[in-house]
Structures are given as C-alpha cells and as structure tokens.
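S.K.: Sharing a structure here in structure tokens format.
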Amino acid sequence: MTVAGARDAVATAYRSEARRVLATLIRLLGGFDEAEEGLHDAFTAAAESWPRDGVPANPYAWLVSAGRFKTIDRWRSRARLAGALPELAARASAAEQPALEQLPDDELRLIFTCCHPALAPDARVALTLREVGGLTTEEIARAYLVPAPTIGQRIVRAKAKIRDEAIPYEVPERSELSPRLDSVLQVVYLIFNEGYTATDGPSLVREELCVAALRLGRLVVELLAEPETLGLLALMLLHDARRTTRIDAAGDLIRLEDQDRSRWDRAGIAEAQALIERALIARRIGPYLLQAAIAALHTEATSFAATDWVQIVALYDVLVRVEPSPVVALNRAAAVGMRDGPAAGLAALEAVMTGGGLDAYHLAHAARADVLRRLGRLEAAHISYARALELARLPAERRFLQRRLEQLAAERTVVNDDAGASGRR
Amino acid sequence: MRYACLIYFDPRNVFDQSPQAEAALREVGPFNAELTASGHLVSAHALQLPQTAMTVQVRDGKVSATDGPFMETKEMLGGIMLIEARDLNDAARIAAGIPLARLGTIEVRPLVDYSEPRPRL
C-alpha cells in the first residue's frame, strides 16, 4: 500500500472506528478521560505505523490494542517520574490484566451509560452526542443554541458524576431496559437531525451523522425491537431516503413538493415500511412510530398533489395528543392547510401561533407566509417571510427565504400592474 | 482546533518552596514532554513576574508607558500554553493535567478561526 493510501486508511478508520474504539477503551481503561487520551494515542500510532507496516486486517482491534498499551506505558512512566505514584502503577497493572479486547456490546454500554437516569437529561444528550455520536463540544453547542462552555461544563460534570457515583459501564437488565430506552431514542434522533440539517460546515447535510444515527438506530433495534425503536429507525430511514433530493447542486433547499420523487431511495423506503408494519402489530403507538407513519404517507404519494392529507391530518391529531408540542401543532396546522385549503390553514396556523412558543421559530413564520401567499395576501406574506428570514440562521435556509421574498416581490409587481391596468380600464 | 491555556496563579502559592509547589514545578518539564510526544503541544511559555513588565498604550497618538500591570487580584498570568485538541472538552481535559492547575487556575480559550465572522458587540 502507498503512503497516501495508508493515510487515507487512518482517516477512514477514524470516521468508522473511533467511537467503537473509545467505547472499548472506556471498559478496558476504566474511565472516559483515560480512554480519550488512549484513543488519541491509538490514532497517532496508526498514523505513524500504517504507512510503514501496512494497514492491519482488523483496524478496530489494532487501535484498541495500541490505545490500551500506549496508555499503560504512559501511566508507568508517569509513576516512575513522579517517584511515588503507587496508585498509577497499580492502575497500569490492572489495565494490563488479560481482558477481552472485543465485546460486541461496548457501544451499547457506552450509550446506556451516557443516557443513565442519574444524569440530568441535558447532560445525557450532550454526553451521548459527544462520546457516541462523535460531535465536538462546539457542534453540540451550536445544535442547542447555547455557548460552548455551557455544554463543556455539562459534559465535565456528567463524567465526574459517572466516576464519583461509580455508574456501572453496562447494558441494563431487560426489566429496566424499556424506561432507559426513551432517552436513548431521543438522543439518537437528535444526532440524526444534526446530520440532516447540519448547523455547522459548508453543507446543509452531514452524511456521516445521518449514517451514525442510523447505525445507532439499528443497534438499538437489534437490542430491543419495541414499537418505538422500530418507529424511530423507520422515521430516520424515510428522511434519509429523501436526503439527496432535499438539496440542489448549489446547496440550496428544495421543498418537498418540488423534490424529484424518482430519486428517492426506494430500498430505504421499503425497509422503513416493513419496520412500521412490524411495529404496528404491537398496537402500542408512540410519537416516533406516528411520525414514521406520516413520513411513509409522504413517500408513498406519487406526487405532492396526490398526498393523502386526510390520513396525514388524522395521524397528526393522534400525535398532538401523544406528544403535545408547539412544533407538532404547527405541522398539523400546515397539513390542515393542504387538506382544507389555505384559509383553513391560516386559521389553524394562527391558532397555534397565538398559543405561544413559536415566536422565534423561523419555520412558523415561513409556514404562515406560505398560506398567506396562496391566499393572495402578498403584503402580509412579505412581512412573514421577512420575519422568517430575520430568524433563520442556516445559510441555505436564508437563501431559500431570500428567494421566496424575491418571487413574492415579482408576483406583487404583476398584481400591481394588473391593478393599474384595471384601474385605467 | 487550537486552544490557549492561560495559567493564572498567586506567585506566593507557587514560589513558597512548599512540597506541593515544588512537586508541581518538577512535573512541568515531563508533562510538557509528554504533551509534545502525543502531538497536543504547540508551544509553552512561562512568564516572569509582573514586576518585570511594562504596560504600553497609545491614546490620541501619544505613547504612555507604566511599570507592571496593576491587578486587583493576587492571581497573575504566569504562563501560556498553546495546544491542539479535538474540542473544548478535550482541551479542558488536557488543561486539567497541567501541574500548575493544582496551585492556580487555567483559562482554556479557543483561538480565533478567521473563516468565522468577527464578533459584533
């Protein structure tokens, strides 16, 4: 293998193996911080040795071994230098004891530890996103619209709590698995959304995060095929099936109604449909399964006009009851506008927006602008699009709203000309 | 990403010849060597005491210079390290290993990324 090839292999291994290697090193070295340094060492060693000796057959096993023994070496030399650090020497010896370097469940151990109920909910999310999802502190901070040091402290405190309270690094017993799963699912979906509508970087979509979330979703399904785990995986697959048609070559957003449906990933959609059918057998319907069912109706429609809005509104009615949130209510109102026409849609949207919680949400103003435009109330539509643009942060979304405003301005000119013409008549 | 670790301490806690202070100062060299070996360390500098410093400013085109920074706290900036880390938490983890963290405090500050817009205050 060429040196450049080996370098690529290290980069590829980082993307595909780093989180798994970390998960295993936490078990072998007994702590997050230790494992993080070990992970860094492992990849430093790989960058040095792979171009010289070739890429190992099993990069994951190689990296785990390298990380483990480099850490042990460092502990020993630190203990030697400091003269008297018996505790560190003891830890090195303990870590050197024969241990199974590969256990299939390490990543799940990590997920359940990061989502442990002893941790505050926002700490679980931050920790899982960073340790399992591989996001940086700064990326998580952007996803949550909070300063990076806030997330940083959450992570430091969560790790301290895991250490101080000796939270076991294990997959919970079956009897306690289900309650522990809820926050796991929430976190997985958040990772997916971060990938689907990335807050960072030049492109709107970060494929690797979608892939990671799907991989985690599959892992969780393997462990516990509950309706909601199946529903979440189906939901992510359905979004993912449309991923490449959501954005054009220039990186601009394409609305659902304008997407090229022939390019949707049929295999992903079929897999999702099978998961939904499997989940529906259990007759326990939760928010993820409902959202997946709604997304499935969209992908089944041969065109936007042919979408089954009656069923979609009916599913939203259930979803609003199961998971009452302003955003769900907003989506329901938009669907009502498609089922019953823009006037009904506007009434529904305004009822939702008066309910509060959406003032700073750009998509609420954009949705309102859309129905206003359909109603021919172009002046009011302009105000709502402008408000949405003020609030939108992502460049692609801003460009999209900018274009809508320009189109609207063109329509208004036409209308004004017409009015002028009729006035002269 | 690169981060600056600004090391603040009260010199009377560091240069009092106490066993803790001596032990921490002894560890600085090996710690920096370890960080260099692992690729985390970009540069590390210790600063002389503030009484060796001059403070310069220009107002209305006129230069004025005074001796030393006059700080209200007893803590002073005693050292600067530049490190390479994956993210803020990785940087904080590395900073927590700095021996002087046991005697003073370390401020971990991300360096400016010039591709990002300047802050507007």
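Taken in order, these protein sequences are the chains called V and F. Okay, so the first sequence: first residue is 163 according to my numbering, each after it adds one. Okay, so the second sequence: first residue is -1 according to my numbering, each after it adds one. Quick reminder that beta carbons are idealized off the backbone N, C-alpha and C, glycines included.
1) Within the same chain, show all residues whose beta-carbon is closer than 7 angstroms to that of residue 529/V, passing over the 5 residues directly before and after it, in chain order.
2) Helix, strand or coil: how does DSSP classify residue 585/V here?
3) Taking only the alpha-carbon atoms, compute the straight-line gap between residue 280/V and residue 189/V and give it to the nearest angstrom.
4) Where does the unbroken beta strand (DSSP E) through residue 55/F begin, and where does it stop?
5) For a test of the three-state rule: what should DSSP assign to residue 1/F, helix, strand or coil?
6) Tell me the DSSP bridge mates of residue 104/F?
7) In or out: residue 195/V buried (at least 16 other Cβ within 10 Å) or exposed?
8) Between residue 36/F and residue 202/V, which are expected to be in contact by the criterion C-beta below 8 angstroms, what is the C-beta distance as a whole number of angstroms?
9) Taking the CB atoms as reference points, tell me whether residue 174/F and residue 98/F lie closer together than 9 angstroms.
10) If you measure between the beta carbons of residue 478/V and residue 351/V, is that distance less than 9 angstroms?
11) Return the first residue and the last residue of the alpha helix (DSSP H) that residue 34/F is part of.
12) For a minimum of 4 consecutive residues, which ranges assigned as the alpha helix (DSSP H) are wholly contained in the region 441 to 502 of chain V?
13) With a cut-off of 9 angstroms, does the C-beta of residue 310/V fall near any C-beta of chain F?
14) Sort 423/V, 446/V, 403/V, 359/V by Cα distance to residue 390/V and report the nearest one.
15) Show which residues of chain V have a CB atom less than 7 angstroms away from the CB atom of residue 90/F.
16) Rank 100/F, 93/F, 27/F, 118/F by C-alpha distance to the C-alpha of residue 106/F and give the top, closest one.
17) Pull the bridge partners of residue 62/F from the DSSP assignment, please.
18) Using C-beta distances below 6 angstroms, list every residue in its chain close to residue 278/V, excluding the 5 sequence neighbours before and after it, in chain order.
19) Between residue 203/V and chain F, is the shortest Cβ-Cβ distance under 9 angstroms, so that the two count as touching?
20) To which residues does DSSP link residue 415/V through a beta bridge?
21) The alpha helix (DSSP H) with residue 210/V in it runs from where to where?
22) Is the region 292 to 307 of chain V touching the region 180 to 188 of chain V, taking contact as three or more C-beta pairs under 8 angstroms?
M.R.: With the structure as the only source:
1) The residue you call residue 529/V lines up with position 367 of the first sequence. Leaving aside the five residues that flank residue 529/V on each side, the residues in its chain whose CB is nearer than 7 angstroms to its CB run, in chain order, 492, 496, 511.
2) Looking up residue 585/V in the first sequence gives position 423. Legend: pLDDT at residue 585/V = 43, less than 50; position of this residue unreliable, value from coordinates given subsequently. When DSSP states are grouped into helix, strand and coil, residue 585/V belongs to the helix group.
3) In the first sequence, counting from the first residue as 1, residue 280/V sits at position 118. In the first sequence, counting from the first residue as 1, residue 189/V sits at position 27. Roughly 19 angstroms between the two C-alpha positions.
4) Here residue 55/F refers to the residue found at position 57 when the second sequence is read from its first residue. Unbroken beta strand (DSSP E) run through residue 55/F: 52 to 57.
5) Numbered from 1 along the second sequence, position 3 holds the residue referred to as residue 1/F. The answer is strand: DSSP assigns residue 1/F an E or B state.
6) To locate residue 104/F, count along the second sequence from 1; it is residue 106. Per DSSP, 5/F.
7) Taking the first sequence and counting its residues from 1, the one referred to as residue 195/V is at position 33. With 16 or more other Cβ atoms within 10 Å, it is buried.
8) Residue numbering aside, residue 36/F sits at position 38 when the second sequence is read from its first letter. Residue numbering aside, residue 202/V sits at position 40 when the first sequence is read from its first letter. Confirmed, about 6 angstroms.
9) There is simply no residue 174/F to check, as chain F begins at -1 and stops at 119 in what is shown.
10) Indexing the first sequence from 1 puts residue 478/V at position 316. Indexing the first sequence from 1 puts residue 351/V at position 189. Contact: no.
11) Here residue 34/F refers to the residue found at position 36 of the second sequence. Start and end: 17 to 36.
12) The region 441 to 502 of chain V contains, as complete alpha helix (DSSP H) runs of 4+ residues, the segments 449 to 462, 471 to 484, 488 to 502 (chain order).
13) Along the first sequence, one-based indexing puts residue 310/V at 148. It does: the Cβ of residue 310/V has a partner Cβ on chain F nearer than 9 angstroms.
14) Position 228 of the first sequence, counting from 1, holds the residue named residue 390/V. Closest by alpha carbon: 446/V.
15) Residue numbering aside, residue 90/F sits at position 92 when the second sequence is read from its first letter. Residues of chain V whose Cβ lies closer than 7 angstroms to the Cβ of residue 90/F are, in chain order, 314, 318.
16) Position 108 of the second sequence, counting from 1, holds the residue named residue 106/F. Sorting 100/F, 93/F, 27/F, 118/F by C-alpha distance to the C-alpha of residue 106/F places 93/F at the top.
17) Against the second sequence, residue 62/F aligns to sequence position 64. For residue 62/F, which the question treats as bridged, DSSP gives the partners 55/F.
18) As a position in the first sequence, residue 278/V is number 116, starting the count at 1. 329.
19) Position 41 of the first sequence, counted from the first residue, corresponds to residue 203/V. Yes, contact with chain F.
20) By one-based count along the first sequence, residue 415/V stands at place 253. For residue 415/V, DSSP records a beta bridge to 409/V.
21) Stepping through the first sequence from its first residue, residue 210/V is reached at position 48. Residues 194 to 215.
22) The region 292 to 307 of chain V vs the region 180 to 188 of chain V: in contact.
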